[in-house]
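K.L.:
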Amino acid sequence: MPDYLDTIKPVVRALKPYSLAVNDAPIKLNQNENPFGLPPRIKEESIRRFMDMDWGRYPDFVPTALMDKLSAHAAWTPEGIIVGNGSNEILNAVFAVTVAKGEKVLLSEPTFAIYRQTATVFDAEVVSVPLTADFEHDTPALRRAIEQYQPVVTVICSPNNPTGNVITERDLKSLLEVARGLVVLDEAYWEFAGHTFVSLMNEHPNLIVTRTFSKALALAALRVGYLMSAPALATEIRKAVLPYNINRFSQIVAETALEHYDAELAPLVARILTERCRVFDLLSGIEGIAPHPTHANFTLTRTTRLSPRRLYDELFARDILVRDVSGNPMLKSYIRIGVGTPEETDALVEALKSIHHF
Ligand SMILES: *Cc1c(COP(=O)(O)O)cnc(C)c1O
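Here the sequence shown is numbered in my numbering, starting from 3 and rising by one per residue.
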């Protein structure tokens with residue numbers, strides 16, 4: 003019998019699958035989702051619109067209505083927008099059209115593990131520049147790496163997952179100026195940072211911005227993300243995106259969410275920001291716990307008395323799910339905690355205090 007697994011590329015065989023341990027607990031602070039959920043008004047209106055449709059028909063070849071609403075929401079031309087089944091799908095498309103075997107992709111790590119995973123599947127050689135000791139993007143080192151390795155794609159996550167730090171406009175510009183390849187800026191958490199670098203794409207046609215509906219917009223279950231770039235670049239990237247990649251229901255909900263963004267979703271973002279301050283202060287007051295300042299809806303938190311694994315287990319035993327990120331050598335004593343509702347914060351704080359009383 004031939005071993006059919008030999009048909010799999012060695013780089014893929016060598017990869018560890020991306021996975022999440024447990025995915026459920028009453029208090030879920032492990033995936034940076036919107037803890038308040040999608041407002042009922044958006045849900046009801048979406049379902050009503052969906053009921054009025056013919057489900058037997060293909061959706062639009064290009065989701066024009068959604069792209070137009072995104073264009074207004076993000077202040078970017080619809081010709082330069084690609085909608086994906088989650089933003090991860092479009093990142094895949096970017097790698098598919100840029101990376102040839104052995105070409106380099108530059109990452110600023112620790113960051114979102116999916117970048118390394120998908121770049122590797124496309125046979126890229128991943129070059130990594132570590133964040134500084136206080137978890138900032140190391141711009142001088144990234145610039146040197148761009149000049150030395152000439153990556154086809156550099157990915158910068160800002161606010162960065164899992165550290166919550168942002169890149170400044172000046173630093174991003176300085177990377178865009180030296181880069182001959184593309185720079186992908188992942189703005190998955192931009193709503194919580196309160197700034198965006200979309201307008202830089204006017205001066206820097208090598209910049210791509212990706213965003214998602216999975217975090218602030220409370221739509222993780224429906225898988226919607228989008229990319230923005232110069233229209234000519236978007237035309238090329240679209241060649242790697244399958245037709246009808248977003249199902250009609252997700253399109254409708256995404257459109258409805260954008261229509262009600264100011265009235266229904268912006269207030270939730272504001273509440274998450276208020277809660278972020280509160281969690282930070284409360285965690286800072288607990289012995290053995292040290293939250294890192296953050297611009298996102300999660301905080302990287304150092305644990306000094308218990309190992310991250312032990313703390314994860316103790317919290318899980320108290321119905322609270324957090325993310326153990328200590329597998330990364332730079333994050334050996336850290337967990338990541340998402341910002342929850344005020345009640346969830348209270349439960350978290352109480353749990354942490356009870357654990358540390360042991
Ligand atoms: C959660 C997250 C995303 C979202 O991915 P989707 O596929 O849109 O759900 C993208 N980038 C980062 C850094 C994230 O943390």
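All residues carry an ideal CB built from backbone N, CA and C; glycine is no exception.
#1: Let's test the definition: count the other Cβ atoms within 10 Å of the Cβ of residue 301 and tell me whether it reaches 16, buried, or not, exposed.
#2: Taking 7 Å as the cut-off, is the beta-carbon of residue 120 closer than that to any non-hydrogen atom of ligand 1?
#3: Relative to the C-alpha of residue 311, which residue among 51, 165, 337 and 156 is closest?
#4: Could you pull the DSSP bridge partners for residue 30 from this structure?
#5: Please identify the residue among 318, 30, 159 and 4 whose C-alpha is closest to the C-alpha of residue 298.
#6: At 4 residues or longer, what runs of the alpha helix (DSSP H) sit wholly inside the region 25-98?
#7: Looking at ligand 1, does it come within less than 7 Å of residue 222, judged from the CB to the closest heavy atom?
#8: So for residue 117, helix, strand or coil by DSSP?
#9: Quick check: does the Cβ of residue 326 come within less than 7 Å of any heavy atom belonging to ligand 1?
#10: Assign residue 111 to one of three DSSP states: helix, strand, or coil.
#11: Within the same chain, show all residues whose beta-carbon is closer than 7 Å to that of residue 326, passing over the 5 residues directly before and after it, in chain order.
#12: I need the straight-line Cα distance from residue 187 to residue 3, nearest angstrom please.
#13: Mind listing, in chain order, the continuous beta strand (DSSP E) runs of no fewer than 3 residues lying wholly within the region 220-298?
#14: Is DSSP giving residue 302 helix, strand or coil here?
#15: Under 8 Å, do residue 224 and residue 255 count as touching if we go by C-beta distance?
#16: From this set, 161, 209 and 84, which residue's C-alpha is nearest residue 176's C-alpha?
#17: How about residue 34: is its Cβ closer than 7 Å to a heavy atom in ligand 1?
#18: Drop a sphere of 10 angstroms on the beta-carbon of residue 32, count the other beta-carbons inside from all chains shown, and report buried for 16 or more, exposed for fewer.
#19: Hey, is residue 114 close to ligand 1, as in C-beta under 7 Å from one of its heavy atoms?
#20: Excluding the 5 residues preceding and the 5 following residue 43 in the sequence, name in chain order all residues of the same chain whose CB lies nearer than 8 Å to its CB.
#21: Thinking C-alpha only, which one of 278, 184 and 16 is nearest residue 123?
P.N.:
Per the coordinate set shown:
#1: It is buried - the Cβ of residue 301 has at least 16 other Cβ atoms within 10 Å.
#2: No, ligand 1 has no heavy atom inside 7 Å of this Cβ.
#3: For residue 311, the nearest C-alpha among the options comes from 337.
#4: 323
#5: 159
#6: Fully enclosed alpha helix (DSSP H) runs of 4 or longer: 42-53 and 66-76.
#7: For ligand 1, at least one heavy atom lies less than 7 Å from the Cβ of residue 222.
#8: helix
#9: no
#10: strand
#11: 310, 311, 314 and 337
#12: 46 Å
#13: 227-230 and 291-293
#14: strand
#15: yes
#16: 209
#17: yes
#18: Around the beta carbon of residue 32, a 10 Å sphere encloses 16 or more other beta carbons of the protein chains shown; the residue is thus reported as buried.
#19: Within the cutoff, so yes.
#20: 262 and 266
#21: 16
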